[in-house]
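To start, the structure under review is shown below, and the notes come after it.
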Amino acid sequence: MSTIKNNRKDEIFNAAKKIFTEKGYNNTTMEDIIAETNLSKGGIYYYFNNKEDLCLNLLFSITSNYHDLSDNVEDYGNNNDPIENLCDYYVNFLINDNEDISIISSIYIETRHDLELRKKISEKFEGNNLNHIMDYINSNCIVEDKELLEKKIIFFLDVFHSMLYYKFIEEVHYLEQKEDIRKMFLSIFNNVIRVPKA
Numbered sequence: 001m002s003t004i005k006n007n008r009k010d011e012i013f014n015a016a017k018k019i020f021t022e023k024g025y026n027n028t029t030m031e032d033i034i035a036e037t038n039l040s041k042g043g044i045y046y047y048f049n050n051k052e053d054l055c056l057n058l059l060f061s062i063t064s065n066y067h068d069l070s071d072n073v074e075d076y077g078n079n080n081d082p083i084e085n086l087c088d089y090y091v092n093f094l095i096n097d098n099e100d101i102s103i104i105s106s107i108y109i110e111t112r113h114d115l116e117l118r119k120k121i122s123e124k125f126e127g128n129n130l131n132h133i134m135d136y137i138n139s140n141c142i143v144e145d146k147e148l149l150e151k152k153i154i155f156f157l158d159v160f161h162s163m164l165y166y167k168f169i170e171e172v173h174y175l176e177q178k179e180d181i182r183k184m185f186l187s188i189f190n191n192v193i194r195v196p197k198a
């Protein structure tokens with residue numbers, strides 16, 4: 001993708017983030033986002049068909065940065081155990097505040113009654129998250145049972161997303177439970193993975 005195209009998409013994404021934060025997803029129109037950019041209406045619609053299309057692409061752009069696990073996980077782990085590092089990485093999302101995660105959560109919360117959009121979000125991201133974690137684990141561990149691992153990752157992501165939801169809708173703060181959450185996450189992966197000795 002060309003630099004100009006990337007820059008324009010980034011400009012649109014930044015405008016959407018700002019307006020979604022100020023007005024909420026449901027109260028935002030494409031005209032609000034257009035007014036926040038230096039682009040024409042046609043310039044915006046060249047990249048995105050409608051607000052839903054823009055939203056899905058924005059969410060994908062944000063989550064793509066976080067799910068490059070091979071580059072990011074080591075920043076959060078303190079040891080050579082890739083599963084502990086993976087769990088520490090996800091615990092970090094729960095205990096730290098982050099503008100991008102806040103935007104994702106607020107969109108997810110606001111669209112909870114739009115079943116069609118929620119289905120599209122789930123299809124796009126749950127499979128993507130599952131694949132990223134599977135790839136990371138397969139690259140760093142010995143998997144005893146791939147089918148069971150996939151089920152455990154789906155369960156792990158369900159728990160993680162539920163906790164993230166409560167962080168933003170109920171303003172739950174997890175810092176004091178950090179170690180308990182870490183242990184819970186680690187227990188999910190018991191009996192299906194072996195970490196090779198260094």
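Count the sequence shown with the UniProt record's numbering and you get residues 1 to 198, in order.
Yeah, the Cβ is synthetic: ideal placement off N, Cα and C, and Gly gets one too.
Problem - Touching by the beta-carbon criterion (3+ pairs, under 8 Å), the segment 52 to 60 and the segment 2 to 20 - result: Touching, yes.
Do you know offhand how far tyrosine 108's Cα is from valine 91's?
-> Those two C-alpha atoms are separated by around 20 Å.
Which residues does DSSP pair with valine 143 in a beta bridge? Looking at the DSSP assignment, valine 143 forms a beta bridge with Ile193.
Spatial neighbours of lysine 41 in its chain, beta-carbon cut-off 6 Å, leaving aside the 5 residues before and after: Excluding residues up to 5 positions away in sequence, Ile34 lie with their Cβ nearer than 6 Å to the Cβ of lysine 41 in the same chain.
For a cutoff of 7 Å on Cβ pairs, would you count aspartate 158 as touching chain C? The structure shown has no chain C; it contains just one protein chain.
- Where does valine 172 fall in DSSP's three states? In the three-state DSSP reduction, valine 172 falls in the coil class, being neither helix nor strand.
Determine the burial state of valine 192: buried for a count of at least 16 other Cβ atoms within 10 Å of its Cβ, exposed for fewer. Buried: at least 16 other Cβ atoms inside 10 Å.
### Task
Consult DSSP for aspartate 180 and reduce its assignment to one of helix, strand or coil.
Helix.
- Task: Keeping to the same chain, check which residues put their C-beta closer than 6 Å to that of serine 162; ignore five residues upstream and five downstream.
- Result: Close CB contacts of serine 162 within its chain, under the 6 Å cut and outside five residues either way in sequence, are absent.
Answer with buried or exposed for leucine 117, where buried requires no fewer than 16 other C-beta atoms within 10 angstroms of its C-beta. The residue in question, leucine 117, is buried, as its Cβ has 16 or more Cβ neighbours within 10 Å.
Exercise. CA-CA distance, histidine 113 and isoleucine 103?
Worked result: Cα to Cα, histidine 113 sits roughly 17 Å from isoleucine 103.
Inter-residue spacing [alpha-carbon to alpha-carbon] between tyrosine 46 and leucine 164: About 33 Å.
### Message
Between the alpha carbons of lysine 183 and glutamate 170, how many angstroms are there, rounded?
### Response
In a straight line, the C-alpha of lysine 183 is about 23 Å away from that of glutamate 170.
(request) Mind the definition here: the segment 174 to 189 touches the segment 152 to 162 only if three or more C-beta pairs lie below 8 Å; say whether that holds. (result) Because the criterion of three Cβ pairs below 8 Å is met, the segment 174 to 189 and the segment 152 to 162 touch.
Q) Who are the Cβ neighbours of phenylalanine 125 in its own chain at under 8 Å, not counting the five residues just before and after it? A) The answer, listed in chain order, is Leu59, Phe60 and Thr63.
Original post:
In chain order, what residues of the same chain lie with their CB nearer than 7 Å to the CB of valine 195, ignoring the 5 residues before and after it?
Top reply: The answer, listed in chain order, is Asp81, Pro82, Ile83 and Cys141.
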